[in-house]
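Chemist: Numbering (this note's numbering), first residue to last: 1 to 280. Here a beta-carbon is modelled for each residue, glycine too, at the ideal position from N, C-alpha and C. Keep in mind that this is a model prediction, so the values were computed, not measured.
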Ligand SMILES: NC(=O)c1ccc[n+]([C@@H]2O[C@H](COP(=O)([O-])OP(=O)(O)OC[C@H]3O[C@@H](n4cnc5c(N)ncnc54)[C@H](OP(=O)(O)O)[C@@H]3O)[C@@H](O)[C@H]2O)c1
């Protein structure tokens with residue numbers, strides 16, 4: 001198949017390049033193609049005529065979005081509208097990547113796919129706007145919501161915890177923010193399966209299980225053998241940041257499971273990631 005990936009050089013885009021390497025891939029990313037430029041993205045998609053567009057490009061710096069909501073809306077909201085319109089014109093299926101942050105984070109039993117978005121921060125608002133554009137403009141779409149991604153190479157939570165533990169012997173980690181750590185490799189494989197189903201709709205694709213940031217850090221330290229590190233739990237209100245995160249935004253994978261698409265437990269994925277990319 002001809003598959004176009006926006007944000008092709010990002011964490012998930014890079015994993016998708018490997019997972020979908022049997023297909024003919026076209027990559028869109030800055031600085032060459034900017035999704036906020038409607039004519040440019042439209043012309044490119046018309047030229048490529050992809051069967052599927054996987055839309056990963058986004059302004060993903062959540063605190064940056066809080067400091068500059070207009071930019072968040074321009075890239076995540078209007079940029080997605082441009083990609084959706086281009087899919088409509090070319091008759092392409094669209095896979096849109098969304099986030100747990102479209103929810104307020106007050107559902108203690110977790111969020112099912114059909115629950116209504118109710119974002120509480122500018123990143124979440126911009127991504128909720130993006131979902132609305134996709135639903136309104138593209139006849140055949142998959143919306144894939146995911147959370148707490150980590151990938152080889154990138155700067156992420158795992159690297160930050162390990163660095164601080166090695167340098168100071170102590171970490172302070174938020175214990176009241178609950179979510180789903182998810183390995184981009186597992187997510188890319190699940191997306192690879194999903195696009196073969198033709199079962200369009202909304203999916204929550206995350207590694208199975210849920211934990212707090214503090215528990216996530218604990219598991220990282222255990223796997224790395226840094227068990228002497230003092231791992232101090234703190235409350236999110238003690239951790240000053242520009243954005244207000246949804247505190248309990250655990251995603252439940254109901255629709256994916258119903259068609260046989262699940263990801264392994266988060267501890268197993270983390271173990272595999274660290275063995276392959278951190279501890280060798
Ligand atoms: N990371 C997470 O924890 C997480 C959690 C839930 C959902 N998601 C969603 O999953 C998707 C993929 O996330 P990711 O972690 O792979 O993101 P990422 O690593 O930040 O990659 C996003 C890519 O999009 C590019 N981009 C930004 N603005 C663009 C524009 N105007 N035009 C074209 N490309 C642009 C970025 O380029 P630059 O690097 O040059 O800016 C980057 O290469 C996103 O839609 C995100 O909202 C992510």
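By alpha-carbon positions, which one of 237, 184 and 217 ends up nearest to residue 206?
Modeler: Residue 184 is the option with its Cα nearest to residue 206.
Chemist: DSSP three-state call for residue 68: helix, strand or coil?
Modeler: Three-state result, residue 68: coil.
Chemist: Whose C-alpha, out of 105, 250 and 172, is nearest the C-alpha of residue 240?
Modeler: Closest option to residue 240, Cα to Cα, is 172.
Chemist: Helix, strand or coil: which one does DSSP assign to residue 268?
Modeler: It is helical.
Chemist: In angstroms, rounded to a whole number, what distance separates the CA positions of residue 43 and residue 96?
Modeler: So the two alpha carbons sit approximately 20 Å from each other.
Chemist: Pull up the DSSP beta-bridge partners for residue 94, would you.
Modeler: For residue 94, which the question treats as bridged, DSSP gives the partners 53 and 141.
Chemist: Consult DSSP for residue 295 and reduce its assignment to one of helix, strand or coil.
Modeler: Because residue 295 is not part of the residues shown, which for the chain are 1 to 280, the question remains open.
Chemist: Where do the ends of the beta strand (DSSP E) carrying residue 170 lie?
Modeler: Note, residue 170: beta strand (DSSP E), 170 to 174.
Chemist: Do you know offhand how far residue 78's Cα is from residue 220's?
Modeler: Distance between the alpha carbons of residue 78 and residue 220: 37 Å.
Chemist: Using beta-carbon positions only, say whether residue 163 and residue 245 come within less than 8 Å of one another.
Modeler: No, the pair does not count as a contact, with Cβ atoms beyond the cut-off.
Chemist: Give me, in chain order, the residues of the same chain whose beta-carbon lies closer than 6 Å to that of residue 93; leave out the 5 immediate sequence neighbours on both sides.
Modeler: So the qualifying residues of the chain are 52 and 140.
Chemist: Whole angstroms is fine: what's the gap from residue 120's alpha carbon to residue 236's?
Modeler: Roughly 15 Å between the two C-alpha positions.
Chemist: So, residue 148 versus residue 192, is the Cβ gap smaller than 8 Å?
Modeler: Cβ atoms of residue 148 and residue 192: not closer than 8 Å.
Chemist: Give the secondary structure of residue 257 by DSSP, where H, G and I count as helix, E and B as strand, and everything else as coil.
Modeler: Residue state, collapsed to three classes: helix.
Chemist: Rounded C-beta distance between residue 208 and residue 265? I'm assuming under 8 Å.
Modeler: Their Cβ separation, rounded to whole angstroms, is 5 Å, which keeps residue 208 and residue 265 in contact under 8 Å.
Chemist: Do three or more CB pairs link the region 27 to 44 to the region 80 to 87 at distances below 8 Å?
Modeler: Yes, they touch.
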